[in-house]
Amino acid sequence: MLSPRPSTLDRATFIETYGGIYEHSPWAAAAVFDGGLEAADDDPEALAGRMARVVDGADDKVKLALLRAHPELAGRLAVAGNLTAESTAEQASAGLDRCTPEEFAEFHALNARYNARFGFPFIVAVRGLSRQDILDAFRSRAGNDRESEFATALQQVHRIARLRLEAMEG
Numbered sequence: 271m272l273s274p275r276p277s278t279l280d281r282a283t284f285i286e287t288y289g290g291i292y293e294h295s296p297w298a299a300a301a302v303f304d305g306g307l308e309a310a311d312d313d314p315e316a317l318a319g320r321m322a323r324v325v326d327g328a329d330d331k332v333k334l335a336l337l338r339a340h341p342e343l344a345g346r347l348a349v350a351g352n353l354t355a356e357s358t359a360e361q362a363s364a365g366l367d368r369c370t371p372e373e374f375a376e377f378h379a380l381n382a383r384y385n386a387r388f389g390f391p392f393i394v395a396v397r398g399l400s401r402q403d404i405l406d407a408f409r410s411r412a413g414n415d416r417e418s419e420f421a422t423a424l425q426q427v428h429r430i431a432r433l434r435l436e437a438m439e440g
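Under this note's numbering, read the sequence shown as residues 271 to 440, first letter to last.
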């Protein structure tokens, strides 16, 4: 069960508490609240499903903005310390804050190439992955077509959101 229980919150508190589940996209939490909350939404899996359906129901322009709200992995925002607390912890859990100069250079090159090709940053749920796992996925997915990669990036965003909700369980 999530703590605080979502079904007991007023709109402002719900959005303040769950608005960061999707990176810089409190609109997803607002839409879930506006759709009505029930006791079942106190379960992280149920709330994650509701939030995912809201995002999936958005038009492609809104989904693209959501993807673009995500930071690059081991990118300039991370180096400058300007990530959200959630993104900082997630990237650190995969050791992205401890890249070698060669790894940073490769991440930088991959980020630039990927963003130029797709128009949004590479997104992967990094929890449980090593730097090498992430680099391997990055290299592999950089060859995808845009439609496939857009769908894969959204799947990863949903995974990140679910992991963030699970982390709030208390």
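Every residue, glycine too, gets a C-beta built ideally from N, C-alpha and C.
Keep in mind the model is a prediction, meaning the values are calculated, not measured.
Next item on the list: Enumerate in chain order the residues of its own chain whose CB-to-CB distance from LEU433 is below 7 Å, with the five nearest sequence positions on each side excluded.
Entry: Against the sequence shown, residue 433 aligns to sequence position 163. Residues of the same chain with a CB within less than 7 Å of the CB of LEU433, apart from the 5 flanking positions on each side, are ALA395, ARG397 in chain order.
Note to self: Quick check: ASN381 and LEU343, are their CB atoms within less than 9 Å of each other?
What the structure shows: Against the sequence shown, residue 381 aligns to sequence position 111. Against the sequence shown, residue 343 aligns to sequence position 73. Going by C-beta atoms, ASN381 is nearer than 9 Å to LEU343.
Margin query: For ALA340 and PRO296, which I take to be in contact (beta-carbon distance under 8 Å), what is that distance rounded to the nearest angstrom?
Written below: On the sequence shown, position 70 is the one that residue 340 refers to. On the sequence shown, position 26 is the one that residue 296 refers to. Reading the sequence as shown, one finds His at residue 340 and not Ala. Actually they are not in contact, since the Cβ atoms of HIS340 and PRO296 sit about 15 Å apart, beyond 8 Å.
Note to self: Buried or exposed, going by whether 16 or more other CB atoms sit within 10 Å of the CB of LYS333?
What the structure shows: Mapped onto the sequence shown, residue 333 falls at position 63. Buried.
Checklist line | N-terminal and C-terminal residue of the alpha helix (DSSP H) that MET321 is part of | finding: Here residue 321 is taken as the residue at index 51 of the sequence shown, counted from 1. Run containing MET321: 314–327, per the alpha helix (DSSP H) assignment.
Check: Quick one: what's LEU272 bridged to in DSSP?
Finding: Stepping through the sequence shown from its first residue, residue 272 is reached at position 2. Residue pairing by DSSP places LEU272 opposite GLU439 in a beta bridge.
Notebook entry, point to check: Mapping DSSP to helix, strand and coil, what is ASN414?
Noted result: Indexing the sequence shown from 1 puts residue 414 at position 144. Residue state, collapsed to three classes: coil.
Item checked: Per-residue burial, ARG401 [other beta carbons within 10 Å of its own, 16 or more giving buried] -> By one-based count along the sequence shown, residue 401 stands at place 131. Around the beta carbon of ARG401, a 10 Å sphere encloses 16 or more other beta carbons of the protein chains shown; the residue is thus reported as buried.
Check: Looking only at its own chain, which residues have a Cβ that is under 6 Å from the Cβ of VAL324, when we skip the five neighbours before and after it?
Finding: Position 54 of the sequence shown holds residue 324. Only ALA298, ALA301, VAL302 meet the Cβ criterion.
Check: For the candidate residues ALA359, ALA386, ALA318, GLU308, whose alpha-carbon lies nearest to that of GLU439?
Finding: Counting from 1 along the sequence shown, the entry for residue 439 is found at position 169. Restricting attention to ALA359, ALA386, ALA318, GLU308, the CA atom closest to the CA of GLU439 is found in ALA318.
Next item on the list: At 4 residues or longer, and completely inside the region 328–388: list those alpha helix (DSSP H) runs for me, N to C.
Entry: DSSP runs (the alpha helix (DSSP H)) wholly in the region 328–388: 330–338, 346–350, 355–363, 371–388.
Check: Between the beta-carbon of LEU337 and the beta-carbon of PHE420, is there less than 9 Å?
Finding: Position 67 of the sequence shown, counted from the first residue, corresponds to residue 337. Position 150 of the sequence shown, counted from the first residue, corresponds to residue 420. Yes, they are a contact pair.
Note to self: Considering just the uninterrupted stretch of the alpha helix (DSSP H) at GLU286, what are its terminal residues?
What the structure shows: Looking up residue 286 in the sequence shown gives position 16. Counting along the chain, the alpha helix (DSSP H) containing GLU286 begins and ends at 281–288.
Next item on the list: Could you give the DSSP three-state label for ASP427: helix, strand or coil?
Entry: Translated into positions along the sequence shown, residue 427 becomes position 157. Note on identity: in this sequence residue 427 is Val, with Asp being the wrong assignment. Assignment of VAL427 by DSSP, reduced to helix, strand and coil, places it in the helix class.
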